[in-house]
Each structure stands twice: as C-alpha cells, then as structure tokens.
Ligand code: DLL
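Here is the structure:
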C-alpha cells in the first residue's frame, strides 16, 4: 500500500536530481545561520560551488557537540516568528540538543509518518495507541501527527501506566501500537499477569524503535503478542521518528531519501564507504526550513542495502542498527556490542524479558556480569536444571563474544522495568 506512489517508487535518477535540488536549498539556508556561516568560512566552503551530490563528501561533518555549542538557536535559519514547535533530546550528558520546526516542517513530517505507517498496511480504519512519551521527546508527537494525517483514530496514551494501557487496548480495540521494544516486553508480562493472553487483545501491528534491539527480540515480541512488528528509526536531530521505516517485507528500513541524504562512513577516518559496508550513518536533512543540518554524525552503526526491495519502493534500505560507536564495550580488549548479548539471550526460551549488563574491574581485569530474569517456573524445578541453563547461556555467549561472562539468574520483576528507553549497561569501571 502506498501513501504517495509517485515519490515512493520514483526512479533513482529522478530521485537524485530531486535530492540535489533540495540539497542546494538546504545549503544556502544553512549558510545563513550563525553556526554554519562560521564553519563554512573556517573550512573554505563556498556552497555555490557544490555542483553535484558527490561534492557533499567534501563538506565538514556536524556533531552532537556542535549542536550543544550552538545551543539554543545557532543553527536556526528562519525568523523566530516562523517557528511553531521545538523538541529536545533527553541529554543525559551535558545540555540537551534542541530542534526547531516551521508549520510546513511539521506538516511535511506528518506526511512522512503517514507514508511510513501505510507502508506496512496501516490505514484510516486502524485504532492507533501511541505508547511513546509525549513531550520534548519526538516519539510521541512525531507519530501522533502522522497517524492523524493518515486518518487513524489516535489514542495519545504516552508511555507507562501499564494497567491503563491494557484497559485502553481492550475498550477501544487498539489495532496498532507504537512502543519501545523494552516497554513492549515488560507490558506483555503485565498483560499476562492480569490473566489475559496478549494475542487476545487483538493488536495486529507494532512499530518498534527509539532504542537498539535484536531480531530475536522482534521475534519474541511477535510471538508473545501475536502481531507483526516493524522497525522504525529516527533521531531528534533529523526530526525524530520517520527517517527510515520498514515496509511489509520486514527486511530493512527504507530511508526516505527525498528528505534525507544518507552516507556511511568509517567512524575512525571519516572516509565514505560504499553501499553494503558497515559503518557510521551520516545524515543530511534536506527538507527542513527551520533548521537544516548537514552531514550529521549519528554515531549509529548500520549498512545500506542497495538491492531493490520486493515492495517496489526505490528508496534504499538500511539494516537494523547494530549499536552505536559510543555504546561499544571493550571488555578485556575485546569489542562487545550490547546487541550481541541481547541476541543470544532473547533466543533462549527460558530467558525472560529483562536483563542488565554490569561491568566491573577486579585486580585490573574486566569482568562482564549479566543479570538475567528467567521465568519463575525455572526456580521451581531442581537446581541441576538451573545449572544446565546457566552453562548453556554462558557457552552461547562465549561462542559469540569470546568473553567469559558471569551469569546471575533473577526472578521476573527483579530488575527495574523500562517504560521508555531501557538502560541496559552499567559500567562501574569508570568510577
Ligand atoms: O528516539 C526518535 C524515535 C522515536 C525513533 C520513536 C523511533 C521511534 P532520540 O531520542 O534523539 O530520537 O534518539 C535517537 O535512538 O540515534 C539511535 O541510537 C536510537 N534509535 C532510534 N530508533 C532506533 C531503532 C528517537 N529503530 C537515537 N533501532 C538514535 C536502534 C534506534 N536504535
């Protein structure tokens, strides 16, 4: 199903010339902002000399630190009176980063989300329960406006308050949900505790995003809830959700290339990599009047899949995010991504829905400690069964990450539940 067949299936040559037209406008808008005026001058960039998409790679990157430096409005390209909304990222370290939108930017974003949701079959007949936080975070309002644009009935539930969520699902026959994967795992458990079988709620489709998760977690959630789950990727700096979305094929997320120019770079050297190679995603927003951002280093690691998709859309897809350049753990010299640990845990049926990775240093040696909730029935059996399970978890983890972890089994509900973005890693080594 297409929201805008013409743009979604546009041929690549036409798409590239549209991208170039929009890029030229974004660059001249950017050049009018205090931040880019300075950066372009320092780097001898004359935006008028950028005559093809290829030249983009000669421009400097923009980083999260740059956004902080230009806080609050050093990257704004329109008069204050044209701005109708701002969002901000959570900013766990330092100042948060603020993003601004004109009325047209908000309308365009809503249209993009409507396109994204329809790509997996959501229509005006659906009841859409939005369980992402409303407020400065983009997850709530971002999909809200898009779902309304599509014509769904929207339940602006926001995150948390699980019993209320379940009641809303039951009373209003929710068919589509938007939720972080960690909250979906937790909510599924709460539904079962209420004596309800999650598939009986009748939810058909889930949009999962805002945090990294593995294919195994998707499979687990699909089974637990009896629904089809689609991956959705975005970041505040690029509007929020809607940068890329999965279609009905569920095999990678279409990057909406009429809004964003995507590049993959080697995170160490900054050099651009060809399609198919894994590296850091760099995005240029070419469709936001209030705040153009050029070559933004997302820190997210992925690959671009250039092969055509069976759905007929010509916008290239990106693979599930493998991790962030800054969430890679180095344990005793070995690089470990939390997503690797999750992929092992979530395919073991006895393992429950929550886990935590704790790193310590003892006598100068790194120790990886994984605290895992397992289903209560495992604690009712004999100790030997628990030992066997522990051995299995350790062996499977060791085979993938080559580090020997210490595993601690916990009863369900022992770890703090997540209602938004989960905090999975506790690194005590820095202290
Ligand atoms: O999380 C926007 C969003 C909301 C996306 C709802 C999808 C759904 P930020 O708070 O700025 O924005 O965080 C952005 O979250 O750079 C990724 O590291 C991570 N992230 C977002 N979506 C995914 C995903 C929103 N599907 C940061 N898979 C990004 C993995 C994701 N990581």
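Residue numbers (the working numbering): 9 to 439. Beta carbons are placed, not taken as given, at the ideal position from N, Cα and C, and that holds for glycine.
Three or more Cβ pairs drawn from the stretch 30-40 and the stretch 51-64 lie within less than 8 Å of each other, which places the two stretches in contact.
Residue 180 sits exposed, since fewer than 16 C-beta atoms from the chains shown fall within 10 Å of its C-beta.
For residue 16, the closest C-alpha among the options 48, 97, 119 and 363 is that of 119. Between residue 26 and residue 269, the C-beta spacing is not below 8 Å. One alpha carbon belongs to residue 341, the other to residue 316, and they sit about 39 Å apart. Around the CB of residue 295, 16 or more other CB atoms lie within 10 Å, so the residue is classed as buried. Following the DSSP letters along the chain, one finds residue 94 in no alpha helix (DSSP H) but inside the beta strand (DSSP E) bounded by residues 91-96. For residue 104, the distance from the CB to the nearest heavy atom of the ligand DLL is not below 7 Å.
Membership of residue 87 in any alpha helix (DSSP H) is not indicated, and neither H nor E is assigned to it by DSSP. Put simply, the stretch 124-141 does not touch the stretch 306-315. Fewer than three CB pairs are less than 8 Å apart. Cβ neighbours of residue 47 within its own chain (closer than 7 Å, five residues either side excluded): 68.
Measuring C-alpha to C-alpha distances from residue 365 to each of 437, 392 and 326 identifies 437 as the nearest.
Note on geometry: alpha-carbon atoms of residue 363 and residue 252 lie some 28 Å from one another. Going by beta carbons, residue 228 and residue 354 fall inside the 8 Å limit. Pairing residue 200 with residue 414, the inter-Cα distance amounts to about 30 Å.
Along the length of the stretch 200-282, whole beta strand (DSSP E) runs at least 3 residues long occupy 213-217, 236-243, 248-254, 261-263 and 268-273, reported in chain order. Following the DSSP letters along the chain, one finds residue 157 in no beta strand (DSSP E) but inside the alpha helix (DSSP H) bounded by residues 146-158. Nearest Cα to residue 369 within the set 435, 80 and 240: 435. For residue 140, the shortest separation between its Cβ and any heavy atom of the ligand DLL lies below 7 Å.
For residue 44, the enclosing alpha helix (DSSP H) has its first and last residue at 42-50.
The ligand DLL has no heavy atom closer than 7 Å to the beta-carbon of residue 312. Exclusion of the five residues before and after residue 177 leaves 137, 209 and 211 as the residues of its chain whose Cβ lies within less than 7 Å of its Cβ. Counting only the Cα atoms, residue 331 lies some 23 Å from residue 257. The three-state reading of DSSP puts residue 313 in strand, counting E and B together. Counted as a single uninterrupted DSSP element, the alpha helix (DSSP H) harbouring residue 401 occupies residues 391-409. Rounded to the nearest whole angstrom, the CA to CA distance from residue 140 to residue 428 is 7 Å.
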